[in-house]
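Protein sequence lines, in the order shown, are assigned to chains A and B.
All letters in the first sequence, in the order written, are residues 11 to 124 by the numbering used here.
All letters in the second sequence, in the order written, are residues 32 to 143 by the numbering used here.
All residues carry an ideal CB built from backbone N, CA and C; glycine is no exception.
Structure, as structure tokens:
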Amino acid sequence: EPEVTQTPSHQVTQMGQEVILRCVPISNHLYFYWYRQILGQKVEFLVSFYNNEISEKSEIFDDQFSVERPDGSNFTLKIRSTKLEDSAMYFCASRQSGATYEQYFGPGTRLTVT
Amino acid sequence: SQKIEQNSEALNIQEGKTATLTCNYTNYSPAYLQWYRQDPGRGPVFLLLIRENEKEKRKERLKVTFDTTLKQSLFHITASQPADSATYLCALDPPGTYKYIFGTGTRLKVLA
Numbered sequence: 011e012p013e014v015t016q017t018p019s020h021q022v023t024q025m026g027q028e029v030i031l032r033c034v035p036i037s038n039h040l041y042f043y044w045y046r047q048i049l050g051q052k053v054e055f056l057v058s059f060y061n062n063e064i065s066e067k068s069e070i071f072d073d074q075f076s077v078e079r080p081d082g083s084n085f086t087l088k089i090r091s092t093k094l095e096d097s098a099m100y101f102c103a104s105r106q107s108g109a110t111y112e113q114y115f116g117p118g119t120r121l122t123v124t
Numbered sequence: 032s033q034k035i036e037q038n039s040e041a042l043n044i045q046e047g048k049t050a051t052l053t054c055n056y057t058n059y060s061p062a063y064l065q066w067y068r069q070d071p072g073r074g075p076v077f078l079l080l081i082r083e084n085e086k087e088k089r090k091e092r093l094k095v096t097f098d099t100t101l102k103q104s105l106f107h108i109t110a111s112q113p114a115d116s117a118t119y120l121c122a123l124d125p126p127g128t129y130k131y132i133f134g135t136g137t138r139l140k141v142l143a
């Protein structure tokens, strides 16, 4: 069964460093999302992406964040200058089309900023 | 802004009983509402979607209802098993947006 994959599974970085989180969505999916979940808290929407552009972004998704689909398979989230409060699980999700709404989530990347 | 509340943070039930979880939302009624399961340290897994014109949806031991008047969805697991222990999340996309918002989840524990 097709699945969303994410790498790395765990990333430790120092405050102020840049990180890139990578995702490979399901191949025939067209809509892509990033979410974060701080330990013990709810899943929070960061950004949605369709047709090679951002559809919507949340207040969390400030100028330090960017997304890219550099080729036909990868979908990346970059944080330019990490802060302690960026420590969280980051989930990538994808869905197939405008008529199907169920999202398929990846296993997540645990980001720890020290 | 649209909000979702899952008003039970945790729910313990005996194996074999029916678990009922509640999801309430504010403001505009969405065209559909989704339920997901999340195990510790894992990504959410889609379970069921119910549309605004559907009163009830079933899948095996799962049942979801949607009451747009009450602005509420109920999620039932019948004949619950210890393997059903997980956090259950409801989610919706506010009308006119391209995002999904999730509730805080209800942590269900089924006791053997």
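Beta carbons nearer than 8 Å to chain B: which residues of the segment 100-119 of chain A have them?
So the close ones are 101, 103, 111, 112, 113, 114, 115, 116, 117 and 118.
My output table needs one value for residue 98/B: the three-state DSSP class, helix, strand or coil.
Position 67 of the second sequence, counted from the first residue, corresponds to residue 98/B. Three-state result, residue 98/B: strand.
Give the residues of chain A in contact with residue 65/B, contact being defined as C-beta atoms less than 9 Å apart.
On the second sequence, residue 65/B is found 34 positions in, with the first residue counted as 1. Within chain A, the residues near residue 65/B are 111, 112 and 113.
Based on the DSSP secondary-structure assignment, which residues constitute the bridge partners of residue 54/A?
Counting from 1 along the first sequence, the entry for residue 54/A is found at position 44. DSSP lists 46/A as partners of residue 54/A.
Can you pull the chain A residues whose beta carbon is under 8 Å from the beta carbon of residue 129/B, in chain order?
What you label residue 129/B is simply residue 98 of the second sequence in a count that begins at 1. The contacting residues are 58, 60, 65 and 66.
What does the alpha-carbon distance come out to for the pair residue 141/B and residue 108/A?
Numbered from 1 along the second sequence, position 110 holds the residue referred to as residue 141/B. Numbered from 1 along the first sequence, position 98 holds the residue referred to as residue 108/A. Rounded to the nearest angstrom, the two C-alpha atoms are 36 Å apart.
Would you kindly report the start and end of the unbroken beta strand (DSSP E) that includes residue 141/B?
Locating residue 141/B in the second sequence gives position 110, where the first residue counts as 1. Here the beta strand (DSSP E) through residue 141/B covers 137-142.
Starting from residue 55/B, trace the beta strand (DSSP E) in both directions and tell me its first and last residue.
Here residue 55/B corresponds to residue number 24 of the second sequence, with the count starting at 1. From DSSP, the beta strand (DSSP E) with residue 55/B extends over 50-56.
Rounded to the nearest angstrom, what separates residue 67/A and residue 116/B at their Cα positions?
Position 57 of the first sequence holds residue 67/A. Position 85 of the second sequence holds residue 116/B. Near 33 Å, if we compare the C-alpha coordinates of residue 116/B and residue 67/A.
Judging by CA-CA distance, which residue of 32/A, 18/A and 123/A is the nearest neighbour of residue 91/A?
On the first sequence, position 81 is the one that residue 91/A refers to. Of 32/A, 18/A and 123/A, the residue nearest in Cα terms is 123/A.
Starting from residue 75/B, find everything on chain A with Cβ-Cβ shorter than 7 Å and list it in chain order.
By one-based count along the second sequence, residue 75/B stands at place 44. In chain order: 53 and 115.
Mind checking which residues open and close the beta strand (DSSP E) that includes residue 43/B?
Numbered from its first residue, the second sequence carries residue 43/B at position 12. Element bounds for residue 43/B: 41-45.
Quick one: grab the DSSP three-state call for residue 122/B.
For the purposes of this step, residue 122/B is taken as residue 91 along the second sequence, with counting starting at 1. In the structure shown, residue 122/B sits in a strand (DSSP, three-state: E or B).
Residues of chain A with CB under 7 Å from residue 52/B, in chain order?
For the purposes of this step, residue 52/B is identified with residue 21 of the second sequence, where counting begins at 1. Neighbours of residue 52/B on chain A: none; closest Cβ ~15 Å, over 7 Å.
Could you have a look at residue 103/A and say whether DSSP puts it in helix, strand or coil?
In the first sequence, the residue the question calls residue 103/A occupies position 93. Three-state DSSP puts residue 103/A in a strand.
Relative to the C-alpha of residue 112/B, which candidate in 143/B, 42/B and 36/B has its C-alpha closest?
Sequence index remark: in the second sequence, residue 112/B carries index 81 (1-based). If we check each option's Cα against that of residue 112/B, 143/B comes out closest.
Would you mind reading off the limits of the beta strand (DSSP E) that contains residue 75/A?
Walking along the first sequence from the start, residue 75/A turns up at place 65. From DSSP, the beta strand (DSSP E) with residue 75/A extends over 75-78.
Residue 34/B and residue 56/B look like a contact to me (Cβ under 8 Å); what is the Cβ gap, rounded to whole Å?
Your numbering for residue 34/B matches position 3 in the second sequence. Your numbering for residue 56/B matches position 25 in the second sequence. Residue 34/B to residue 56/B, Cβ: 7 Å. Contact.
What separation, rounded to the nearest whole angstrom, lies between the Cα atoms of residue 73/B and residue 41/A?
Translated into positions along the second sequence, residue 73/B becomes position 42. Translated into positions along the first sequence, residue 41/A becomes position 31. Cα to Cα, the separation comes out at about 21 Å.
Within the present structure, is the beta-carbon of residue 54/A separated from the nearest heavy atom of the ligand ATP by less than 7 Å?
This structure simply doesn't include the ligand ATP, nor any ligand for that matter.
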